[in-house]
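Novice:
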């Protein structure tokens with residue numbers, strides 16, 4: 546009697562599995578292509594295939610990293626971005642063609658070190674835009690000038706600055722830039 550029940554249960558399970566619709570990988574990836582970044586991040590939590598496909602789609606959306614207001618400082622978004630890039634044995638850097646940075650100051654030393662390490666690995670970066678004051682950002686870590694200057698594939702660079710600390714970086718640039726946009730501004734009391 547017990548054997549008959551098991552056979553019946555297994556038969557029921559097989560019938561139920563065959564009725565479930567299958568979502569093919571290409572359909573899932575096509576859906577992911579039209580989703581907002583927050584939705585892509587949620588989809589990455591569902592299965593291994595979407596977890597591995599998500600970074601390419603997230604980083605292709607021209608990420609903007611700005612200052613965030615939090616109780617522990619102004620760099621929690623930058624920390625999250627660096628940790629995201631460094632996951633999966635740093636394999637995600639190849640998917641980062643553009644980056645827009647609006648960070649004016651890095652409050653924590655470990656985040657500044659992590660960001661420096663990330664910049665050194667951004668070998669596929671072609672477009673870099675500093676929306677906020679670059680000089681203040683360069684003051685956060687002594688190696689950032691050389692790290693930004695070593696970006697090998699950089700073609701388009703946009704800089705916003707209040708001072709002249711970015712000029713040594715521009716002189717050290719190793720890549721062949723196609724375009725450079727430099728926006729300088731002064732405070733009222735700046736001479």
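Residue numbers (our numbering): 546 to 736. Where is the CB? At the ideal position from N, CA and C, for every residue including glycine.
Hey, residue 623 and residue 585: beta-carbon distance below 9 Å or not?
Specialist: Contact flag unset, no.
Novice: Okay, do the stretch 640-651 and the stretch 710-718 touch, 3+ Cβ pairs below 8 Å being the bar?
Specialist: No: the two stretches stay apart, fewer than three of their Cβ pairs being nearer than 8 Å.
Novice: Please report the distance separating the alpha-carbon of residue 684 from that of residue 708.
Specialist: Distance between the alpha carbons of residue 684 and residue 708: 12 Å.
Novice: Run the CB neighbour count on residue 635, radius 10 Å, all protein chains shown included, and call it buried at 16 or more, exposed below.
Specialist: By the 10 Å Cβ count, residue 635 comes out exposed.
Novice: Would a C-beta distance cut-off of 9 Å place residue 595 and residue 603 closer than the cut-off?
Specialist: Not a contact, by the Cβ cut-off of 9 Å.
Novice: Tell me which residues share the same chain as residue 607 and place their Cβ nearer than 6 Å to its Cβ, disregarding the 5 neighbours each side in the sequence.
Specialist: Closer than 6 Å at the Cβ level, and outside the excluded window around residue 607, lie 643.
Novice: Which word fits residue 678, buried or exposed, when buried means at least 16 other C-beta atoms lie within 10 angstroms of its C-beta?
Specialist: Flag for residue 678 reads buried.
Novice: Could you give the distance in angstroms between the alpha-carbon of residue 572 and the alpha-carbon of residue 640?
Specialist: Rounded to the nearest angstrom, the two C-alpha atoms are 21 Å apart.
Novice: For residue 672 and residue 726, what's the separation of their Cα atoms in angstroms?
Specialist: C-alpha separation (whole angstroms): 11 Å.
Novice: Using 10 angstroms around the beta-carbon of residue 550, count the other beta-carbons present and answer buried if the total reaches 16, otherwise exposed.
Specialist: Annotation note: pLDDT 47 at residue 550 (below 50); position unreliable, coordinate value reported separately. With fewer than 16 other Cβ atoms within 10 Å, it is exposed.
Novice: Per DSSP, what kind of secondary structure is residue 605 in: helix, strand or coil?
Specialist: In this structure, residue 605 counts as coil in the three-state DSSP scheme.
Novice: Please list, in chain order, all residues of the same chain as residue 686 whose beta carbon is under 6 Å from its beta carbon, the five residues on each side excluded.
Specialist: 657, 661.
Novice: Using 8 Å for Cβ pairs, my map puts residue 698 next to residue 668. What's the rounded Cβ distance?
Specialist: Yes, they are in contact, since the Cβ atoms of residue 698 and residue 668 sit about 7 Å apart, within 8 Å.
Novice: For residue 609 versus residue 676, is the C-beta spacing smaller than 9 Å?
Specialist: Yes, the pair counts as a contact, with Cβ atoms nearer than the cut-off.
Novice: Note down the Cα distance separating residue 621 from residue 663, rounded to an integer number of angstroms.
Specialist: If I take the Cα positions, the gap works out to 15 Å.
Novice: Hey, would you say residue 574 sits closer than 9 Å to residue 598, going by beta carbons?
Specialist: Yes. Within cutoff.
Novice: Expressed to the nearest angstrom, what Euclidean distance is found between the alpha-carbon atoms of residue 583 and residue 731?
Specialist: Distance between the alpha carbons of residue 583 and residue 731 is about 37 Å.
Novice: Looking only at its chain, what residues have a beta carbon closer than 6 Å to the beta carbon of residue 717, apart from the 5 residues adjacent to it on each side?
Specialist: So the list reads 694, once near-sequence residues are dropped.
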